[in-house]
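Colleague: Quick one: the structure is below, questions incoming.
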Amino acid sequence: MTRYMPLFRSCTNLRKLTRLHAHLLVTGLHYDPPASTRLIESYAEMGSLRSSRLVFDTFKEPDSFMWAVLIKCYMWNNFFEESILLYHKMIREQATISNFIYPSVLRACSSLGDLGSGEKVHGRIIKCGFDKDDVIQTSILCTYGEFGCLDDARKVFDKMTSRDVVSWSSIIASYFDNGDVSEGLKMFHSMVREGVEPDFVTMLSLAEACGELCSLRPARSIHGHVLRRKIKIDGPLGNSFIVMYSKCGDLLSAERTFVKIEKRCTTSWTAMISCYNRSGWFQKALESFVKMLEVKEEPNLITLITVLGSCAGLGWLREGKSVHCQIIRKGMGPEYDYLGPALIEFYAECGKMSECEKVIHAIGERNILSWNMLISEYARKGMSKEALELLVQMQTWGLMPDSFSVASSLSACGNVGSLQLGLQIHGLVIKIDCKDEFVQSSLIDMYSKCGFENLAYLLFERIQQKSVVTWNSMICGFYQNGNSLEAINLFHQMYLNCLEMDEVTFLTAIQACSNIGQLEKGKWVHHKLISYGVRKDIYIDTALTDMYAKCGDLQTAQRVFDSMSERNVVSWSAMIDCYGMHGQLNDAASLFKQMLDSGIKPNEVTFMNILWACSHSGSVEEGKFYFNAMRIFGVEPDLQHYACMVDLLSRSGDIEGAFKMIHSMPFPANGSIWGALLNGCRIHKRIDVMKTIEKELSVTGTNDNGYYTLLSNIYAEEGNWDEFGKVRSIMEVTGLKKVPGYSTI
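Numbering follows full-length UniProt numbering, with no gaps: position 31 of the sequence shown is 31.
Here it is, written out as structure tokens:
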């Protein structure tokens, strides 16, 4: 039989394997267990499990190894239930179960999410005396780890008489996969102390875990270990470190890692391009793509989809179309499910919605991912009518909307406040009897965004099995409608009922506390966050920073910010705003510089916050510096930025400079900008400029009641009752009303 084994390796397709099988039948070797076992394995490798089973069934009493191979083959091909059924058949037929069968069965239990079956298999392993086998122990450990049963996994690990690199890597991965970064790192350091050298696979899994958890501190610790051991950072390891730093928001470390990779492959370049995209440096991403082509490195589909994202971020239609042409030339067509959504997202970002619909028809009408992406893009742009038409069109093509399609359409209704259309989709949900929690939560969200939180709460009350997602939607609904106290009360209700809470629950509760300036409630929510053991992410830390600052506790805000393991543009902008609102420009400016040094690109919110910091402290020259720096970073000033500058110049007494800035704007000034100028005129008693503003607005017109209210108040302060009466008359004629003051006390 040995001479036939090389022939199996030469069978590169199913036809050749079938011919070899026929030859074995003719020669009578098909009854030879090693030959048949190899046949079973070969058929499975080529996706023909039916043939594997037919070969297996020719044996009345297959040996243990043959059973093991067939179970493993089913598991390889994702037929996990069949693997477990075969295992139970072995037990019924009292076949000999060898130790190498159990790892495959345990893997099948994990893949099915069947903890009960996994525990029963574990019990049988103990009964049969295989619980001392290193490979089986590691498999049991992995099974418990995948189910989140870390205590059980640790017990198995602690009982192991000999621990190799595989078992250590498995327990470390279990902790990381379940979000327990600190314990995972402790185990990693224990592994090194015990003299077990982490292998290539260990470092890869550690890097992947740190990236998924966005944990920068452990990421640097692992990288440091690699450098101390003088392990060459190249190939897959180097690529994984780039991705790790990218997900952790550390662009500089990702760049340094990329530079140190001697043999850069397509994956290396793609990882770096993706890293630039994630950090908002889309132009650098495209520059890297050009360099990649210059060094004759061939891009794959993932590279091209990533570059499409860069073009979308910049709104560069011509360059994106060029990438689209490359995709067509390479023959990458409808069989690639994620190509359609990427193209649709690109054309939508460039404002070419008609091209998006062409992509749908070119890529294939049966690709529901593309339909969902297009509906989502229409919803995001506030084009609810088009989004809903697509929902109907899907059904005419015989494609039933899934939960994502319905949820995207509901999002469209919520974004534009279209209650009538939302009610129609709600009718569709009832018609198709969709009880998906994602859809139910989207309905609550839609009613809340339409301003009907009472309807949202009515729906919320009717849902019998409320998941954490459902609770979050209702808490968010109250918060979005300005009912922060009710949001906190609902959060408190979750706490009293010992319900599950996640990051979103705490994030919204913290934002609600920030909204009403309740420091004590904010501290209470922060305490519950710690006691619940919910993993803090960058968004929760940023919200905590903002909450403490708005409640007047700047020191705690700074401590939270300093404790953050990773920071993005949102967290930096929030901390800059904290110092700005407290009038501490020097600290805000210092943070702005630190942010640039860390490789984070400022966005429009960052500049808004630093400009307000300048305005609050009356620092005109600094304000001009940051305003002029905006275009250097590719940020175009909008109305809010101009309003801030006009306010700064006006309050400092440079009324002419403020007036000149208004006339240099590329768009018409709104009420807030004129109001900022008027406020400066009031402070510096510039009635002459007020008259000019009034004349100018009598020509251009404005419907902003805030402007007219401020103007009338200024005239009242001056005792100019004639002008006061004229302004009030204009407000009455145009139907504008003074917004009454109110108190929340």
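All C-beta atoms, glycine included, are put in the ideal place defined by N, C-alpha and C. On a predicted model such as this, the values are computed, not experimentally measured, just so you know.
For residue 139, collect the residues of the same chain with a Cβ closer than 6 angstroms to its Cβ; drop the 5 residues on either side in sequence, then sort them by chain order.
Modeller: Only 103 and 106 meet the Cβ criterion.
Colleague: Within the same chain, show all residues whose beta-carbon is closer than 8 angstroms to that of residue 560, passing over the 5 residues directly before and after it, in chain order.
Modeller: Contacts found: 541, 544, 545 and 548.
Colleague: Roughly how many whole angstroms lie between the Cα atoms of residue 83 and residue 400?
Modeller: If I take the Cα positions, the gap works out to 32 angstroms.
Colleague: DSSP on residue 250, reduced to helix/strand/coil?
Modeller: Of the three classes helix, strand and coil, the one that applies to residue 250 here is coil, per DSSP.
Colleague: Could you tell me whether the stretch 256-270 touches the stretch 293-303, where touching means 3 or more Cβ pairs closer than 8 angstroms?
Modeller: The stretch 256-270, when compared against the stretch 293-303, does touch it at the 8 angstroms Cβ threshold.
Colleague: Could you compute how far the alpha carbon of residue 202 sits from the alpha carbon of residue 171?
Modeller: Going from the Cα of residue 202 to the Cα of residue 171 covers about 11 angstroms.
Colleague: Comparing C-alpha positions only, which one of 491, 455 and 483 sits nearest to residue 471?
Modeller: If we check each option's Cα against that of residue 471, 491 comes out closest.
Colleague: Just confirm the distance between the C-beta atoms of residue 256 and residue 565, as a whole number of angstroms; I'd bet it's less than 8 angstroms.
Modeller: Not confirmed; about 19 angstroms, so no contact.
Colleague: How would you call residue 692, buried or exposed, if buried means at least 16 neighbouring beta carbons within 10 angstroms?
Modeller: Exposed: under 16 other Cβ atoms inside 10 Å.
Colleague: If you run the structure through DSSP and keep just helix, strand and coil, what is residue 64?
Modeller: Note: residue 64 maps to helix in three-state DSSP.
Colleague: Rounded to a whole number of angstroms, what is the C-alpha to C-alpha distance between residue 57 and residue 89?
Modeller: Rounded to whole angstroms, residue 57 to residue 89 spans 13 angstroms at the Cα level.
Colleague: Please report the distance separating the alpha-carbon of residue 247 from that of residue 210.
Modeller: Residue 247 and residue 210: Cα-Cα distance of roughly 9 angstroms.
Colleague: Compute the Euclidean distance between the alpha carbons of residue 666 and residue 628, then round it to the nearest angstrom.
Modeller: Answer to the nearest angstrom: the Cα atoms are 15 angstroms apart.
Colleague: Can you name the start and end residues of the alpha helix (DSSP H) that residue 642 belongs to?
Modeller: Here the alpha helix (DSSP H) through residue 642 covers 639-651.
Colleague: By DSSP, does residue 19 sit in helix, in strand, or in coil?
Modeller: Looking at residue 19 - three-state DSSP - the assignment turns out to be helix.
Colleague: Quick check: residue 125 and residue 136, are their CB atoms within less than 8 angstroms of each other?
Modeller: A contact, by the Cβ cut-off of 8 angstroms.
Colleague: Are residue 407 and residue 439 touching if we call contact CB-CB under 8 angstroms?
Modeller: In contact: residue 407 and residue 439 (Cβ atoms closer than 8 angstroms).
Colleague: Looking at the unbroken alpha helix (DSSP H) that takes in residue 116, where does it start and where does it end?
Modeller: Its alpha helix (DSSP H) spans residues 115-128.
Colleague: On the criterion of 16 or more Cβ atoms from any shown chain inside 10 Å, does residue 200 qualify as buried, or is it exposed?
Modeller: Answer is exposed; the Cβ neighbour count stays below 16.
Colleague: If you follow the alpha helix (DSSP H) that residue 40 is part of, which residue opens it and which one closes it?
Modeller: Segment 33-45, the alpha helix (DSSP H) holding residue 40.
Colleague: In whole angstroms, give me the CA-to-CA distance for residue 690 and residue 552.
Modeller: So the two alpha carbons sit approximately 36 angstroms from each other.
Colleague: Among 356, 362, 348 and 367, which one has its Cα closest to the Cα of residue 380?
Modeller: For the residues 356, 362, 348 and 367, the minimum Cα distance to residue 380 belongs to 348.
Colleague: Would you mind reading off the limits of the alpha helix (DSSP H) that contains residue 569?
Modeller: Unbroken alpha helix (DSSP H) run through residue 569: 569-581.
Colleague: What is the residue span of the alpha helix (DSSP H) that residue 559 lies within?
Modeller: Unbroken alpha helix (DSSP H) run through residue 559: 554-563.
Colleague: What ranges does the beta strand (DSSP E) occupy inside the stretch 408-442, keeping only unbroken runs of at least 3 residues that lie completely in it?
Modeller: Listed in chain order, there is nothing to give.
Colleague: Quick one: what's got a C-beta closer than 6 angstroms to residue 276's C-beta in the same chain, skipping five residues either side?
Modeller: Taken in chain order, the residues that qualify are 284 and 285.
Colleague: By the 10 Å Cβ neighbour count, where 16 or more other Cβ atoms means buried, how is residue 550 classified, buried or exposed?
Modeller: Buried, since its Cβ has 16 or more Cβ neighbours within 10 Å.
Colleague: Taking residue 437 as the reference, give the member of 462, 590, 419 and 416 with the closest Cα.
Modeller: Comparing Cα-Cα distances from residue 437 to each of 462, 590, 419 and 416, the minimum goes to 462.
Colleague: Between residue 206 and residue 222, is the Cβ-Cβ spacing less than 8 angstroms?
Modeller: Yes, the pair counts as a contact, with Cβ atoms nearer than the cut-off.
Colleague: Rounded to a whole number of angstroms, what is the C-alpha to C-alpha distance between residue 159 and residue 243?
Modeller: The straight-line gap from Cα to Cα measures roughly 35 angstroms.
Colleague: If residue 503 sits next to residue 534, beta carbons under 8 angstroms apart, how far is it from one beta carbon to the other, in whole angstroms?
Modeller: Sure, about 6 angstroms apart at Cβ, within 8 angstroms.
Colleague: Looking at the secondary structure, which residues open and close the alpha helix (DSSP H) in which residue 612 lies?
Modeller: First-last of the alpha helix (DSSP H) with residue 612: 604-617.
Colleague: Counting only runs that start and end within the stretch 294-342, where is the alpha helix (DSSP H) found for 4 or more residues in a row?
Modeller: Segments of the alpha helix (DSSP H) lying fully in the stretch 294-342: 301-314 and 317-329.
Colleague: Whole angstroms is fine: what's the gap from residue 430's alpha carbon to residue 190's?
Modeller: In a straight line, the C-alpha of residue 430 is about 56 angstroms away from that of residue 190.
Colleague: Does the Cβ of residue 511 have 16 or more other Cβ atoms within 10 Å, making it buried, or fewer, making it exposed?
Modeller: By the 10 Å Cβ count, residue 511 comes out buried.
Colleague: Hey, out of 62, 97 and 52, whose CA is closest to residue 76's CA?
Modeller: Here the closest residue by C-alpha is 52.
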